[in-house]
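S.K.: Sharing a structure here in C-alpha cells format.
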Amino acid sequence: MLSTGKQERLIITAYRDSQRKGAQLGSYTAMFNPSSVRRTAGNLYRSAQALNSGGRPAYFAYAPPERIELKIIVDGTLPGKMLSQPSATIPFRAQVTDVAQSVEQFLHLTHAVNPQTRQPNYLTLQMGKTLRAIACRLAQYSIEYSSLDEQGNAKRAEITATFIEEKKKSRQGLPLQSAAADNATQHTIKAGDTLPMLAQKHYGSSEKLVGLARFNRLNSLRSLALGSVLVVPPAAKEGID
Numbered sequence: 046m047l048s049t050g051k052q053e054r055l056i057i058t059a060y061r062d063s064q065r066k067g068a069q070l071g072s073y074t075a076m077f078n079p080s081s082v083r084r085t086a087g088n089l090y091r092s093a094q095a096l097n098s099g100g101r102p103a104y105f106a107y108a109p110p111e112r113i114e115l116k117i118i119v120d121g122t123l124p125g126k127m128l129s130q131p132s133a134t135i136p137f138r139a140q141v142t143d144v145a146q147s148v149e150q151f152l153h154l155t156h157a158v159n160p161q162t163r164q165p166n167y168l169t170l171q172m173g174k175t176l177r178a179i180a181c182r183l184a185q186y187s188i189e190y191s192s193l194d195e196q197g198n199a200k201r202a203e204i205t206a207t208f209i210e211e212k213k214k215s216r217q218g219l220p221l222q223s224a225a226a227d228n229a230t231q232h233t234i235k236a237g238d239t240l241p242m243l244a245q246k247h248y249g250s251s252e253k254l255v256g257l258a259r260f261n262r263l264n265s266l267r268s269l270a271l272g273s274v275l276v277v278p279p280a281a282k283e284g285i286d
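Counted the way the working numbering counts, the sequence shown spans residues 46 to 286.
Next up, the structure:
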C-alpha cells in the first residue's frame with residue numbers, strides 16, 4: 046500500500062569517482078516517508094565445525110556494510126506538485142511532473158551502468174534537513190504504481206530503495222583474514238604449492254587442509270592462484286584443528 050502522512054525532502058547526488066570529490070553527475074530531489082526508513086547492520090561469524098564433533102565458538106568474520114531502506118514518494122495527483130528536480134545527466138524539463146519520467150530519472154542516476162566507469166554511479170544520500178550526507182550505492186529497488194489515469198499512466202508511485210552505505214576502511218569492517226592478522230602468518234603462493242603441503246608445513250598435518258581452505262574461503266582444494274596470499278592463522282585459536 047502506498048504511504049501517506051508526513052513527507053520530507055530527499056536528495057540523491059551521483060558521482061563518477063568513489064571519493065565523491067569530483068564534479069557531480071546529477072542529483073535527484075524528491076520526497077520520502079521518514080517513518081519508512083530502516084537501517085540494518087550486524088556482524089557475520091563463522092564456526093569451523095567438523096562432522097560428528099562438539100560445538101565450537103563462533104569466530105568473527107567481518108562486519109558487512111549497513112543497509113538503508115526507505116520509500117520514495119512520487120505523487121503526481123497534487124496540482125502543481127513538482128515530483129523531482131532535474132538531473133544533469135537527463136535532459137528533463139526544469140520541473141518533472143510526470144510519474145514515469147521521475148521514476149526513469151531516479152533509475153538512470155542510481156541504477157543504470159555508467160558507460161564511462163562501467164558500473165552504477167557512486168551516490169550520496171541526504172535525508173531531511175539535519176542528517177549528514179551518506180556515501181552509498183543502490184543495492185536494490187522495487188516500484189509500486191497506483192492511481193492510473195484513463196490512458197493507463199501511473200499518477201502515483203512508491204519506490205522502495207535499499208542503499209549500501211560505504212564507509213572508510215576500518216578494522217571492524219575488514220574480512221576475517223585481516224582481523225586475525227596479528228596472530229597469523231601469510232604465505233605467497235608459488236609454483237608447486239598445494240594445500241596439503243602447506244597444511245603439513247604450518248600445522249604438522251596435511252589433514253588440516255580443509256580448515257585452512259575454509260578460513261581463506263577457497264572455492265577449490267586443488268587450485269591455488271600463483272601470487273595470491275594465503276593467510277595461515279593459529280590452528281587452535283581460529284578453529285583449524
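Think of the CB as a built atom: it goes at the ideal place given N, C-alpha and C, for glycine as much as any other residue.
1) Assuming R84 and E53 are in contact, meaning their beta carbons sit under 8 Å apart, how far apart are those beta carbons, in whole angstroms?
2) Beta carbon of I209, beta carbon of S187: below 9 Å?
3) Report the rounded CA-to-CA distance for Q64 versus I179, giving the unit in angstroms.
4) Would you decide whether G264 is buried or exposed? Buried here means 16 or more other CB atoms lie within 10 Å of its CB.
5) Hey, could you find the ends of the beta strand (DSSP E) H232 is sitting in?
6) By Cβ distance below 7 Å, which residues in the same chain neighbour T122 in space, the five residues on each side in sequence not counted?
7) Are L254 and L240 closer than 9 Å when you measure CB to CB?
8) Count the other CB atoms, across all protein chains shown, that sit within 10 Å of the CB of L89; report buried if there are 16 or more and exposed otherwise.
9) Taking R287 and E211 to be in contact with their CB atoms under 8 Å, please state how far apart those CB atoms are, rounded to whole angstroms.
10) Please state the DSSP three-state secondary structure of P289.
11) Which residues bound the beta strand (DSSP E) around V119?
12) Could you give the first and the last residue of the continuous beta strand (DSSP E) run that contains R163?
13) Under the three-state reduction of DSSP, which class applies to A270: helix, strand or coil?
14) Measuring alpha carbon to alpha carbon, tell me which residue in A59, I113, S81 is nearest G71.
15) Opposite S250 in the DSSP bridges: which residues?
16) Could you check where the beta strand (DSSP E) with Q150 kicks off and where it finishes?
17) Given a cut-off of 9 Å on the beta-carbon distance, is the pair K116 and A184 in contact?
18) So the candidates are F77, Q161, G87, A145; which of them puts its Cα closest to the Cα of G173?
19) Assuming L257 contacts L269 under a Cβ cut-off of 8 Å, what Cβ separation, rounded to an integer in Å, is found between them?
20) Can you give the beta carbon distance from I57 to L152, rounded, assuming they're within the 8 Å contact cut?
21) What does the alpha-carbon distance come out to for the pair G87 and S80?
22) Cα separation between D62 and H247?
23) Thinking just about the alpha-carbon of each residue, which of E114, R163, V144 is nearest to the one in Y190?
M.R.: In this structure, then:
1) The Cβ separation is near 16 Å, so there is no contact.
2) no
3) 12 Å
4) Note on residue identity: the sequence assigns Asn, not Gly, to residue 264. When all chains shown are included, N264 counts as exposed.
5) 230-233
6) S192, K200, R201
7) yes
8) exposed
9) This structure leaves residue 287 out entirely; the chain is present only between 46 and 286.
10) The requested residue 289 is not part of the displayed model; the chain covers only 46 to 286.
11) 112-120
12) Here R163 belongs to no beta strand (DSSP E), and DSSP marks it neither H nor E.
13) coil
14) A59
15) DSSP output for S250 lists no bridge partner at all.
16) Q150 -> not in any beta strand (DSSP E); alpha helix (DSSP H) instead, spanning 144-155.
17) no
18) F77
19) Not really, about 11 Å apart at Cβ, beyond 8 Å.
20) At roughly 11 Å, the Cβ-Cβ gap does not stay under 8 Å, so I57 and L152 are not in contact.
21) 21 Å
22) 42 Å
23) V144
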